[in-house]
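Asks:
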Amino acid sequence: MLFFIFSWWLMAKSFGYDVRLHQFRVARHEVGDFGLHISLIRSFSWGKNYLNPQSPFFPGKGLLYHYRVDMLTGFLEKVGVRIDIAYNGISAIAFAILLFLLYLFPQRLFGKSVLLGMLSVLLFIFPSTLSFIEFFRTRPISFLLFHDLWYLPDYIHKGPFDGSLISIYFTLAPYLNQRHLIVGLALALGILYRLVPRLLQHERLSVKELLLTGFVLGLSSRVHGLIFFGTVVILVFLFTWLKRLKELSILLVSVLIFSGFHMIQIIGERPELVRNAWFNPGFLSPRPLSLVGFTSYWGWNLGIAILLLPIAVYIVRSGQRLFFFSFLALFILANIFQFSFRIEHNHSLINYFLVLSNFYLARLLVLLWAHNTYWKLTTAMTVFLLIASGILNLMAVKNDFQWYVFDASSQPFIQWIKTQTDPDSIFLAHQELYDPVTMAGRKNYLGHSYYTSVMGYNTSVREKNIALFSQANDAVILGKMRQEKIDYIAVSTDPGQGLFSLGSKTVLENTLSVVYRDAHVIVYKL
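Residue numbers (UniProt numbering): 1 to 526.
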């Protein structure tokens with residue numbers, strides 16, 4: 001229950017809904033991602049995106065993004081659950097399950113110990129970096145230090161976005177931004193929790209159990225693709241090292257059957273995704289890449305954990321060490337190859353590695369604590385150094401600025417789109433981070449460039465088409481728009497936001513019917 005209460009607070013702090021103002025409430029550091037996720041959710045709840053899921057920002061192509069959590073949220077909103085309660089509810093339940101698994105898993109791996117489980121949870125909530133050095137370096141030791149800590153308004157480091165070496169990806173921020181990462185990790189840890197201790201104890205796994213595990217793992221590819229990939233990598237290494245190849249083959253056949261359609265869809269619709277796994281070493285460490293720069297990057301981002309982890313692994317049993325090397329592969333791969341259109345996406349594999357590494361760090365701390373008073377004091381100081389940056393980061397979450405975004409009942413344009421257009425409609429409209437078209441569950445012919453780029457769509461053809469459409473000065477161009485299955489043209493009247501020239505606006509006005517008009521936008525029906 002304590003895990004769920006904390007999880008609900010964490011999720012509700014980053015996303016909510018003001019029923020009085022009919023506005024979304026989004027924390028500052030979640031603004032970019034939630035424009036994407038609200039639109040995906042609405043494409044299922046208010047749109048017609050469930051039979052052949054497509055990106056609302058790039059209609060016509062299959063939605064290969066991990067969207068199952070958004071789809072489930074959309075279905076819940078469709079049956080009457082408020083969107084924030086649905087999304088935060090799914091997220092909080094998954095996060096609480098994840099915390100519970102973090103508590104149980106190391107105890108099953110190393111032996112029952114409440115302290116071991118709680119330290120594992122603590123190290124996850126407060127991840128180790130060296131951000132705390134900057135905090136204490138710029139503030140004198142005084143009673144005001146506690147005031148500054150409690151009201152800390154922002155993350156001290158937000159690399160790579162603020163140019164700093166320490167990354168925001170190794171805080172709680174990715175879990176608040178990417179709720180599917182939470183669900184994906186909870187599923188993955190559930191699978192590992194079930195299999196790994198039994199493998200290390202040389203227990204036999206039945207064919208039925210292997211097929212069922214493959215079923216769950218295969219379907220999880222649509223929850224979070226990289227976490228699915230990471231789990232497959234871990235299991236392949238572990239089964240192989242333990243010489244259980246027959247069981248591995250049964251598992252992989254099941255995984256392939258239940259993820260195969262998704263993989264075929266990726267290769268068939270987006271072959272460039274397969275070609276995208278190129279050699280790009282160093283993750284986000286400074287360029288030009290050097291051994292000093294690489295080591296420094298991970299030293300700052302892992303803190304003293306980078307020194308303790310080798311010791312923690314050295315003192316465990318051989319089977320437990322094999323498990324560590326199985327998931328160490330995720331960290332190595334993420335630092336050699338780029339598995340998506342943006343190198344930053346590799347953070348999911350590194351987060352996965354860090355989650356499992358905390359089990360070994362927690363065990364080392366428990367062993368140190370078991371000694372005399374000197375070692376207990378040393379352990380307490382070590383724990384502080386490990387979690388100090390995480391405490392600062394949690395204060396940044398607590399104090400984060402809340403941004404409000406209009407929804408249908410407070411935004412006439414969104415309300416009109418929702419009630420007066422077909423759920424499958426495609427608009428040609430201005431690109432916005434919070435797009436009224438996609439927030440109403442419809443599709444924008446070419447949505448915001450941030451969302452199309454993170455999904456890896458090749459937008460060059462549509463960009464050329466839009467350049468042509470903006471000169472809509474004859475029936476031929478209007479016909480081309482219809483060929484692209486565009487149903488409506490939304491022309492912004494705000495300065496600097498228009499897609500169309502003055503002349504083409506005149507053609508639109510004289511040729512097409514105006515179906516909606518307000519102070520900011522005019523909508524024409526094609």
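For every residue, glycine included, the Cβ atom is placed at its ideal position computed from N, Cα and C.
Quick caveat: nothing in here was measured; it's all calculated off a predicted structure.
(1) Answer yes if the segment 201-212 comes into contact with the segment 241-252, meaning at least three C-beta pairs across the two stretches below 8 Å, and no otherwise.
(2) Hey, how far is the Cα of Asn-52 from the Cα of Leu-21?
(3) By how many angstroms is the C-alpha of Phe-126 removed from the C-alpha of Gly-293?
(4) Check whether the Cβ atoms of Tyr-488 and Tyr-524 lie closer than 8 Å to each other.
(5) Compute the beta-carbon to beta-carbon distance between Ile-166 and Thr-129, rounded to the nearest angstrom, for a pair I have assumed lies under 8 Å.
(6) Buried or exposed for His-180, going by 16 or more other Cβ atoms inside 10 Å?
(7) Does DSSP classify Arg-179 as helix, strand or coil?
(8) Could you tell me whether the Cβ atoms of Leu-226 and Ser-348 are closer together than 8 Å?
(9) According to DSSP, simplified to helix, strand and coil, what is Ala-519?
(10) Smallest Cα separation from Asn-177: which of Leu-64, Lys-61, Tyr-87 and Asp-422?
(11) Give me the DSSP bridge partner(s) of Ile-278.
(12) Can you look up Ala-370 in the DSSP assignment and give me helix, strand or coil?
(13) Got a sec, what are the start and stop residues for the beta strand (DSSP E) Val-27 sits in?
(14) State whether the segment 324-331 contacts the segment 153-164, with contact taken as three or more CB pairs (one from each stretch) at a distance under 8 Å.
(15) Determine the direct distance from the alpha carbon of Phe-237 to that of Ser-425, and round the result to whole angstroms.
(16) Distance, Cα to Cα, Ile-306 vs Phe-359?
(17) When the Cα atoms are used, what is the spatial distance from Pro-286 to Tyr-297?
(18) On the CB-based measure, 16 or more other CB atoms within 10 Å of its CB, does Trp-300 come out buried or exposed?
(19) Using a threshold of 8 Å, state whether the C-beta atoms of Gly-441 and Ser-45 are closer than that.
(20) Could you check if Gln-420 is buried or exposed, using at least 16 other CB atoms within 10 Å of its CB as the buried criterion?
(21) If we ignore side chains and look at the alpha-carbon of each, how far apart do residue 536 and Ser-254 end up?
(22) Does at least one heavy atom of the ligand GTP sit under 7 Å from the Cβ of Ile-93?
(23) Can you tell me which of Glu-77, Asp-148, Ser-7 and Pro-56 puts its alpha carbon nearest to the alpha carbon of Phe-95?
(24) Just the Cα atoms here: how many angstroms apart are Ser-206 and Tyr-103?
(25) Given a cut-off of 8 Å, decide if Pro-56 and Lys-443 are closer than it, judged by their beta-carbon atoms.
(26) Can you grab the Cα-Cα spacing for the pair Phe-384 / Leu-333, in whole Å?
(27) Do Tyr-67 and Asn-393 have their C-beta atoms closer together than 8 Å?
(28) Using only the alpha-carbon positions, how far apart do Ser-453 and Phe-341 sit?
(29) Run through the segment 398-470 for me and flag every whole alpha helix (DSSP H) of 4 or more residues, listed as ranges in chain order.
(30) Tell me whether Ile-486 is buried or exposed, calling it buried when 16 or more other Cβ atoms sit within 10 Å of its Cβ.
(31) Comparing C-alpha positions only, which one of Tyr-175, Tyr-17 and Tyr-169 sits nearest to Trp-403?
(32) I'd like to check one pair, Tyr-451 with Gly-462: are the Cβ atoms closer than 8 Å?
(33) Phe-413: which of Lys-464, Tyr-314 and Asp-518 sits nearest, CA to CA?
(34) Tell me the DSSP secondary structure of Gly-303 in three-state form.
(35) Three Cβ pairs or more, each shorter than 8 Å: is that satisfied between the segment 363-378 and the segment 113-120?
(36) Are the segment 309-321 and the segment 132-140 touching by the rule of at least three beta carbon pairs closer than 8 Å?
Replies: This is what the structure holds:
(1) Yes: at least three Cβ pairs fall under 8 Å.
(2) Counted from its first residue, the sequence shown places residue 52 at position 52. Counted from its first residue, the sequence shown places residue 21 at position 21. Going by the C-alpha atoms only, they are around 34 Å apart.
(3) Within the sequence shown, numbered from 1, the residue matching residue 293 stands at position 293. Within the sequence shown, numbered from 1, the residue matching residue 126 stands at position 126. Each residue's Cα considered, the two are about 25 Å apart.
(4) Within the sequence shown, numbered from 1, the residue matching residue 488 stands at position 488. Within the sequence shown, numbered from 1, the residue matching residue 524 stands at position 524. A contact, by the Cβ cut-off of 8 Å.
(5) Here residue 166 corresponds to residue number 166 of the sequence shown, with the count starting at 1. Here residue 129 corresponds to residue number 129 of the sequence shown, with the count starting at 1. The beta carbons of Ile-166 and Thr-129 sit about 5 Å from each other, so the pair counts as a contact at 8 Å.
(6) To locate residue 180, count along the sequence shown from 1; it is residue 180. It counts as buried.
(7) Residue 179 sits at position 179 when you count from the first residue of the sequence shown. Arg-179: helix per DSSP, three-state reduction.
(8) The residue you call residue 226 lines up with position 226 of the sequence shown. The residue you call residue 348 lines up with position 348 of the sequence shown. Inclusion of Leu-226 and Ser-348 in the CB contact set at 8 Å is warranted, their separation being smaller than that value.
(9) In the sequence shown, the residue the question calls residue 519 occupies position 519. In the structure shown, Ala-519 sits in coil (DSSP, three-state: anything other than H, G, I, E or B).
(10) Here residue 177 refers to the residue found at position 177 of the sequence shown. Looking at Leu-64, Lys-61, Tyr-87 and Asp-422, the one whose alpha-carbon comes closest to that of Asn-177 is Tyr-87.
(11) Counting from one through the sequence shown, the residue named residue 278 turns up at place 278. Per the sequence presented here, residue 278 reads as Trp, with Ile not at that position. Under DSSP, Trp-278 forms a beta bridge with Gln-338.
(12) The residue you call residue 370 lines up with position 370 of the sequence shown. Reduced to three states, the DSSP call for Ala-370 is coil.
(13) Counted from its first residue, the sequence shown places residue 27 at position 27. Residue identity differs from the one stated: residue 27 is Ala in this sequence, not Val. Where Ala-27 is concerned, the enclosing beta strand (DSSP E) stretches over 23-27.
(14) In the pairwise beta carbon analysis, the segment 324-331 is classified as not touching the segment 153-164: fewer than three pairs are separated by under 8 Å.
(15) Position 425 of the sequence shown, counting from 1, holds the residue named residue 425. Position 237 of the sequence shown, counting from 1, holds the residue named residue 237. Cα-Cα distance, rounded: 47 Å.
(16) The residue you call residue 306 lines up with position 306 of the sequence shown. The residue you call residue 359 lines up with position 359 of the sequence shown. For Ile-306 and Phe-359, the gap between their C-alpha atoms comes out near 14 Å.
(17) For the purposes of this step, residue 286 is identified with residue 286 of the sequence shown, where counting begins at 1. For the purposes of this step, residue 297 is identified with residue 297 of the sequence shown, where counting begins at 1. The alpha-carbon separation between Pro-286 and Tyr-297 amounts to approximately 7 Å.
(18) By one-based count along the sequence shown, residue 300 stands at place 300. Trp-300 should be labelled buried.
(19) Here residue 441 is taken as the residue at index 441 of the sequence shown, counted from 1. Here residue 45 is taken as the residue at index 45 of the sequence shown, counted from 1. For Gly-441 and Ser-45, yes; Cβs fall inside 8 Å.
(20) Here residue 420 is taken as the residue at index 420 of the sequence shown, counted from 1. Under this definition Gln-420 is an exposed residue.
(21) Within the shown structure, residues of the chain are numbered from 1 to 526, placing residue 536 beyond reach of any answer.
(22) Because no ligand of any kind appears in the structure shown, any question about the ligand GTP cannot be addressed here.
(23) As a working mapping, residue 95 is identified with position 95 in the sequence shown. Its Cα nearest to that of Phe-95, the residue Ser-7 stands out among Glu-77, Asp-148, Ser-7 and Pro-56.
(24) Here residue 206 refers to the residue found at position 206 of the sequence shown. Here residue 103 refers to the residue found at position 103 of the sequence shown. Computed Cα separation, rounded: 27 Å.
(25) Locating residue 443 in the sequence shown gives position 443, counting from the first residue. Locating residue 56 in the sequence shown gives position 56, counting from the first residue. Taking 8 Å as the Cβ cut-off, Lys-443 and Pro-56 qualify as a contacting pair.
(26) Counted from its first residue, the sequence shown places residue 384 at position 384. Counted from its first residue, the sequence shown places residue 333 at position 333. Phe-384 and Leu-333: Cα-Cα distance of roughly 30 Å.
(27) Residue numbering aside, residue 67 sits at position 67 when the sequence shown is read from its first letter. Residue numbering aside, residue 393 sits at position 393 when the sequence shown is read from its first letter. By the CB criterion at 8 Å, Tyr-67 and Asn-393 fall outside the cutoff.
(28) The residue labelled residue 453 in the question sits at position 453 within the sequence shown. The residue labelled residue 341 in the question sits at position 341 within the sequence shown. So the alpha carbons of these two residues sit roughly 8 Å apart.
(29) When DSSP assignments are scanned along the segment 398-470, the uninterrupted stretches of alpha helix (DSSP H) that are 4 or more residues long and fall wholly within it turn out to be 412-420, 436-439, 449-454 and 460-469.
(30) Against the sequence shown, residue 486 aligns to sequence position 486. Buried, because 16 or more other Cβ atoms sit within 10 Å of the Cβ of Ile-486.
(31) Counted from its first residue, the sequence shown places residue 403 at position 403. Of the listed residues, the one whose Cα sits closest to Trp-403 is Tyr-17.
(32) Locating residue 462 in the sequence shown gives position 462, where the first residue counts as 1. Locating residue 451 in the sequence shown gives position 451, where the first residue counts as 1. For the sequence presented, residue 462 should be read as Arg rather than Gly. Going by C-beta atoms, Arg-462 is not nearer than 8 Å to Tyr-451.
(33) The residue given as residue 413 occupies position 413 in the sequence shown. Nearest option by C-alpha distance: Asp-518.
(34) In the sequence shown, the residue the question calls residue 303 occupies position 303. Under the three-state reduction of DSSP, Gly-303 is assigned to coil, being neither helix nor strand.
(35) Per the Cβ contact rule, the segment 363-378 is in contact with the segment 113-120 (3 or more Cβ pairs under 8 Å).
(36) No, because fewer than three Cβ pairs between the segment 309-321 and the segment 132-140 fall closer than 8 Å, the two stretches do not touch.
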